[in-house]
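This report concerns only the one structure given below.
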Amino acid sequence: MKNSIFHTRSDADLPDKAFLDLLAFNEKMAELGRISAGIIHEVNTPLSVIISAAQLVMQEEGMPEAALEMVERIQQEAQRLSRMTRGILSFARRDDDSAGEIDICRTIHEVVTFLKYEIGKRSVQVEELYEEHLPLLPGGGNRLRQVILNLTMNALQAMGRGGRLSISCSLGTNGGTDIRISDTGPGISPDSMAFIFDPFYTTKKEGEGTGLGLFVSRNLVTELDGSLSAQSLPGAGTTFTITFPPPVS
Ligand SMILES: Nc1ncnc2c1ncn2[C@@H]1O[C@H](COP(=O)(O)OP(=O)(O)OP(=O)(O)O)[C@@H](O)[C@H]1O
Ligand SMILES: [Mg+2]
187 MKNSIFHTRS DADLPDKAFL DLLAFNEKMA ELGRISAGII HEVNTPLSVI ISAAQLVMQE
247 EGMPEAALEM VERIQQEAQR LSRMTRGILS FARRDDDSAG EIDICRTIHE VVTFLKYEIG
307 KRSVQVEELY EEHLPLLPGG GNRLRQVILN LTMNALQAMG RGGRLSISCS LGTNGGTDIR
367 ISDTGPGISP DSMAFIFDPF YTTKKEGEGT GLGLFVSRNL VTELDGSLSA QSLPGAGTTF
427 TITFPPPVS
């Protein structure tokens, strides 16, 4: 239970003073969110330049092996930073992506394709199962993409090398859509399970995780009227399930 600053408990359990402190703290957090959003926006532009420049240098012919490795490292670290800043940004303010109906399976497949390099590098097997003729999502493509990216990266990071990533998209019992992202990683202990959706809860090494991925993902899915839950069998793997309701007719 590292780095968890929020714990799930009912406000009714809190004495008045503690409750007021919590309110003040929440306000401070919101203010911090607004300030960081501005700073992060400024940080993102030079980061994109670093990533593009590193990619150009990597394409140069006749680069010495050692130099190539260093440039690859620069590119990977800059991408990690960029993923983190995007996570914080979408926490602080939502992307305006409400236009147009979304084909859920296609959107998921796009994310998997985007991660092909990462998946290949880790020798992970991927299984994608998409049912046909599923209901469309009324907007929110960017948010869905971000959630799938977060969950898939978590699955890949949990497995390290090897393992199997299974992604499925099917008709839910309620006529909506169920998305499942499963891995064969170490799983999540019942103790950790209580905290994984809390902001800043991470079991990753210092500098490797912000602990915002699942917190942001659950918020984004809720904004899209869906729900996000986790099931895990420690030692065998983890499944995250997103459930979207049937479209309103
Ligand atoms: N597929 C998974 N298998 C095992 N543990 C997981 C999995 N997904 C999440 N977790 C656990 O939940 C914690 C919180 O996940 P979350 O995505 O919120 O943050 P993070 O991955 O640690 O950091 P960030 O997403 O900001 O890089 C992780 O640190 C890990 O302990
Ligand atoms: Mg994560």
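Per the numbering used here, residue 187 is the first one in the sequence shown, and the count goes up by one each step.
All residues carry an ideal CB built from backbone N, CA and C; glycine is no exception.
Since the model is a prediction, treat every value here as computed from it, not as a measurement.
- With contacts defined as CB atoms closer than 7 Å, Asp364 and Gly371 fail to qualify as a contacting pair.
- Secondary structure at Arg347: coil, using DSSP grouped into helix, strand and coil.
- Taking the C-beta atoms as reference points, Thr396 is found nearer than 7 Å to Met270.
- With contacts defined as CB atoms closer than 7 Å, Gly373 and Ser418 qualify as a contacting pair.
- Annotation for Asn360: Pro431 and Pro432 place their beta carbon closer than 7 Å to its own, counting only its chain and skipping 5 residues before and after.
- By the CB criterion at 7 Å, Ala344 and Asp369 fall inside the cutoff.
- For Gly423, the enclosing beta strand (DSSP E) begins and ends at Gly423 to Phe430.
- Take the alpha-carbon of Met249 and the one of Leu242: they are about 12 Å apart.
- Asn340 has its CB nearer than 6 Å to a heavy atom of ligand 2.
- Around Leu330, the same chain offers Thr293 as residues with beta carbons nearer than 6 Å, after the five sequence neighbours per side are excluded.
- When DSSP assignments are scanned along the region 358-427, the uninterrupted stretches of beta strand (DSSP E) that are 3 or more residues long and fall wholly within it turn out to be 363-369 and 413-419.
- The C-beta distance from Leu320 to Ile367 rounds to 16 Å, too long to fall under 8 Å, and the pair is not in contact.
- The C-beta distance from Leu323 to Ile288 rounds to 4 Å, short enough to meet the 8 Å contact threshold.
- Per DSSP, the unbroken alpha helix (DSSP H) holding Glu296 starts and ends at Ile290 to Phe300.
- The three-state secondary structure of Ser238, taken from DSSP, is helix.
- Taken through DSSP and simplified to helix, strand or coil, Ser268 comes out as helix.
- For Ala380, the CB stays at least 6 Å from every heavy atom of ligand 1.
- Per the C-alpha coordinates, the member of Thr429, Gln265, Val333 and Tyr316 positioned closest to Val297 is Val333.
- By DSSP's assignment, Leu335 forms no beta bridge with any residue.
- Annotation: the continuous beta strand (DSSP E) that includes Gln311 extends over Gln311 to Tyr316.
- The DSSP-derived three-state label of Leu320 is coil.
- Of the residues assessed, Arg259 falls on the exposed side of the cut-off, its CB having fewer than 16 other CB atoms within 10 angstroms.
- In this structure Arg266 is exposed. Its beta-carbon is surrounded by fewer than 16 other beta-carbon atoms within 10 angstroms.
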